[in-house]
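Report on the structure given below.
There are 2 protein chains.
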Amino acid sequence: MAVMTATAGPLNPDMFAGCAPVTPIVRVGDKWTAKIIRCLESGPRRFTELQVPLRGITPKVLTESLRAMERDGLVTRTAYPEVPPRVEYTLTDLGRSLLEPLEAACAWSRRHLPEVLDARTSWEESA
Amino acid sequence: MAVMTATAGPLNPDMFAGCAPVTPIVRVGDKWTAKIIRCLESGPRRFTELQVPLRGITPKVLTESLRAMERDGLVTRTAYPEVPPRVEYTLTDLGRSLLEPLEAACAWSRRHLPEVLDARTSWEESA
DNA sequence: CCGTATCCTTTGGGATACTG
DNA sequence: CAGTATCCCAAAGGATACGG
Chain A
1 MAVMTATAGP
11 LNPDMFAGCA
21 PVTPIVRVGD
31 KWTAKIIRCL
41 ESGPRRFTEL
51 QVPLRGITPK
61 VLTESLRAME
71 RDGLVTRTAY
81 PEVPPRVEYT
91 LTDLGRSLLE
101 PLEAACAWSR
111 RHLPEVLDAR
121 TSWEESA
Chain B
1 MAVMTATAGP
11 LNPDMFAGCA
21 PVTPIVRVGD
31 KWTAKIIRCL
41 ESGPRRFTEL
51 QVPLRGITPK
61 VLTESLRAME
71 RDGLVTRTAY
81 PEVPPRVEYT
91 LTDLGRSLLE
101 PLEAACAWSR
111 RHLPEVLDAR
121 TSWEESA
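The listed protein sequences correspond, in order, to chains A and B.
With the first letter of the first sequence counted as 1, position 7 gets the number 7 in UniProt numbering; the numbers rise by one all the way through.
With the first letter of the second sequence counted as 1, position 110 gets the number 110 in UniProt numbering; the numbers rise by one all the way through.
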């Protein structure tokens, strides 16, 4: 694999044409979605169950996140007609397919976060 | 690779303990950073050169993004003492290492975005 | 050319309280 | 238990104008 050292020509003005903003299109670059997906990795989970590792998430925000994910086909919501109510959230195949790129991002973070922190320290020192 | 169909036990309450919010820690889940990285993929670029594919980005926001990336060690800024001024932004090795997970995310999008859009349509119809 | 300086709008997210 | 309903805030980002 060749390493590019020089510019290959002018940038294509339309290089991001069909590529609308990441977050609005598929809500996964936001604060909670990625974490919710990981929470659902090992099977269906209930609302309150999700609130535990998602420390401090308010019911309003959790609901919003789950609704958006449902809308985008990432999770399914199953309500059981019981008293007290029981609701389970499950990853769809589509949602599950996000686990791979998500893991790639986490792997990068595990490997390179120290470098970022170092860079940040150097930056502050030279200021 | 086994597919999990049932829950494996309670979620670990601390599963996101060392894992602070993605965006604040490494600014790459925001609106512009990922695109800037791709713009720099093929070599150094100038400020105005970046503004072209980043349609509509204001100089203020582009500056903010580039400064944050510089601070985090993703890009280097080189100013040449000329008149008129010339400045070049270049990916560091660290910044370049983000290309891989970024490409994984783009690949997912290319492959699955239609499904998301379909899900969204179905959602709207049943409302 | 490469920014800075102001001002303003949007929106994701939080706090709190209440209900079927 | 699983949400809704309100109100509120901070921060990202945009608009516009100006400067070295």
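Glycine included, each C-beta is placed from N, C-alpha and C at the ideal position.
Boundaries of the alpha helix (DSSP H) in which residue i is found, first to last residue
i	result
arginine 110 (chain B)	99-125
arginine 71 (chain B)	59-71
residue 128 (chain A)	It is not possible to answer for residue 128 (chain A), since the shown part of chain A is limited to 1 through 127.
valine 22 (chain B)	22-25
lysine 31 (chain A)	Per DSSP, lysine 31 (chain A) belongs to no alpha helix (DSSP H) and is neither H nor E.
Straight-line gap, residue i to residue j (C-alpha atoms, nearest Å)
i	j	result
glutamine 51 (chain B)	alanine 8 (chain A)	17 Å
proline 114 (chain B)	glutamate 125 (chain B)	17 Å
methionine 1 (chain A)	serine 42 (chain B)	Residue placement at methionine 1 (chain A) is poorly supported in this model, since its pLDDT is 43, which falls under 50; the coordinates still yield a value, given next. Each residue's alpha carbon lies about 13 Å from the other.
glutamate 70 (chain A)	arginine 77 (chain A)	7 Å
leucine 102 (chain B)	alanine 34 (chain B)	7 Å
arginine 120 (chain A)	alanine 127 (chain B)	48 Å
tyrosine 80 (chain B)	proline 24 (chain A)	38 Å
isoleucine 36 (chain B)	serine 97 (chain A)	26 Å
proline 10 (chain B)	arginine 67 (chain A)	23 Å
glutamate 64 (chain B)	alanine 20 (chain A)	20 Å
glutamate 100 (chain B)	cysteine 106 (chain B)	10 Å
cysteine 39 (chain A)	leucine 40 (chain B)	35 Å
arginine 86 (chain A)	valine 22 (chain B)	31 Å
proline 13 (chain A)	histidine 112 (chain A)	31 Å
proline 44 (chain B)	arginine 27 (chain B)	20 Å
threonine 48 (chain A)	arginine 110 (chain A)	29 Å
DSSP beta-bridge partners of residue i
i	result
arginine 46 (chain B)	B:Glu88
valine 52 (chain B)	According to DSSP, valine 52 (chain B) bridges with nothing at all.
valine 75 (chain A)	A:Leu91
Range of the contiguous beta strand (DSSP E) that encloses residue i
i	result
alanine 17 (chain B)	No beta strand (DSSP E) holds alanine 17 (chain B); DSSP gives it neither H nor E.
CB of residue i within 8 Å of CB of residue j, strictly
i	j	result
glycine 73 (chain B)	threonine 92 (chain B)	yes
valine 61 (chain B)	tryptophan 108 (chain B)	no
arginine 46 (chain A)	glutamate 88 (chain A)	yes
proline 53 (chain A)	methionine 15 (chain B)	yes
valine 75 (chain A)	glycine 95 (chain A)	yes
glycine 56 (chain A)	glycine 29 (chain B)	no
alanine 104 (chain B)	alanine 104 (chain A)	yes
Residue i: CB within 7 Å of a non-hydrogen atom of the ligand PLP
i	result
phenylalanine 16 (chain A)	As presented, the structure is devoid of all ligands, the ligand PLP included, so that no description of it is given.
Closer than 7 Å between beta carbons: that is the criterion. Which residues of the region 69-85 of chain B meet it against chain A?
Those residues of the region 69-85 of chain B that come within reach of chain A (Cβ to Cβ, closer than 7 Å) are Arg71, Asp72, Gly73.
Quick one, which residues of the region 20-49 of chain B are near chain A if we go by CB-CB under 8 Å, in chain order?
Those residues of the region 20-49 of chain B placed with their C-beta closer than 8 Å to a C-beta in chain A are Pro21, Val22, Thr23, Ile25, Val26, Gly29, Asp30, Lys31, Ala34, Lys35, Arg38, Cys39, Glu41, Ser42, Gly43, Pro44, Arg45, Glu49, ordered along the chain.
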